[in-house]
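Q:
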Amino acid sequence: MQETHISGKNLSDKRLWLAYLAQGGTLRERRGLSQNQMDTIYQAGFGYYSSKNYKESLVIFKYLSLLDHRNYSYLLGLGVTLKEIKQYNEALAVLGCAIHIDATDPRAYICMAACMIELNNFTDAAVFLHKAEGKAKKSTKWIGELHQIKKLKPFTNNN
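According to my numbering, the stretch in the sequence shown is residues 12 to 170, in order.
(1) Take residue 80 and list the residues in its own chain whose beta-carbon comes closer than 7 Å to its own, dropping the five residues that flank it on each side.
(2) At the level of alpha carbons, what is the spacing between residue 15 and residue 152?
(3) For the stretch 44-56 against the stretch 27-35, do three or more pairs of beta-carbon atoms, one drawn from each stretch, fall closer than 8 Å, so that the two count as touching?
(4) In whole angstroms, what is the alpha-carbon distance linking residue 158 and residue 139?
(5) Using only CA atoms, which one of 115, 56 and 62 lies nearest to residue 90?
(6) Please go through the same chain and pick out, in chain order, the residues whose beta-carbon is closer than 7 Å to the beta-carbon of residue 123, but skip the five residues on each side of it.
(7) Name the residue from 58, 63 and 134 whose alpha carbon lies nearest to the alpha carbon of residue 168.
(8) Using DSSP with H/G/I as helix, E/B as strand and the rest coil, what is residue 116?
(9) When you compare the CB positions of residue 52 and residue 83, do they come within less than 8 Å of one another, or not?
(10) Under a Cβ-count criterion, where at least 16 other Cβ atoms within 10 Å of its own Cβ denotes burial, should residue 143 be classed as buried or exposed?
(11) Note the first and the last residue of the continuous alpha helix (DSSP H) segment covering residue 58.
(12) If you draw a straight line from the alpha carbon of residue 61 to that of residue 26, how long is it in whole angstroms?
(13) Let's test the definition: count the other Cβ atoms within 10 Å of the Cβ of residue 115 and tell me whether it reaches 16, buried, or not, exposed.
(14) Going along the chain, which unbroken runs of the beta strand (DSSP E) with 3 or more residues stay wholly within the stretch 75-160?
(15) What whole-angstrom Cβ distance do residue 92 and residue 74 have, given they're in contact under 8 Å?
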């Protein structure tokens with residue numbers, strides 16, 4: 012086994028890096044990636060997700076979430092992909108982070124409810140659907156999400 016030595020400079024660099032992240036800095040900023048570059052990567056991930064190529068979608072959304080852990084869309088993409096590959100607990104953890112970034116978007120709550128239904132936790136699924144419905148009713152742009160909620164609700168009744 013190789014022994015690792017951390018020099019004073021490396022330790023100092025590590026502390027600076029951790030302080031940067033703790034203050035909300037991202038790898039994206041550190042690497043100097045533009046929003047246009049990030050959007051291009053996102054479109055690839057979304058394309059893979061839309062074509063049900065979840066293995067590739069997972070890789071891309073993990074990468075995007077690593078680069079910018081403050082972006083709701085990247086975390087949502089990762090969460091819904093994890094749900095599709097039946098990694099429900101992991102999806103719940105990621106989506107839980109997403110709702111702290113944008114608490115007005117019902118999609119993460121809908122996905123969390125679907126995960127809870129798959130885990131036979133109908134009580135928590137109903138709570139997430141209730142939250143999603145409250146958010147979706149605030150804007151006409153969430154009509155499709157209201158239909159999803161309506162389809163999922165029967166799974167939470169009498170279980």
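From the three backbone atoms N, C-alpha and C, an ideal C-beta is built for every residue, glycine too.
A: Walking through what the data contain:
(1) Closer than 7 Å at the Cβ level, and outside the excluded window around residue 80, lie 37.
(2) Only weak support exists for where residue 15 lies, its pLDDT of 41 falling under 50; the coordinates are left without a value.
(3) no
(4) 15 Å
(5) 56
(6) Apart from the 5 residues on each side of it in sequence, residue 123 sits with its Cβ closer than 7 Å to the Cβ of 103, 106 and 139 in its chain, given in chain order.
(7) 134
(8) coil
(9) no
(10) buried
(11) 46-61
(12) 40 Å
(13) exposed
(14) none
(15) That belief does not hold up - the Cβ atoms of residue 92 and residue 74 are roughly 12 Å apart, past 8 Å.
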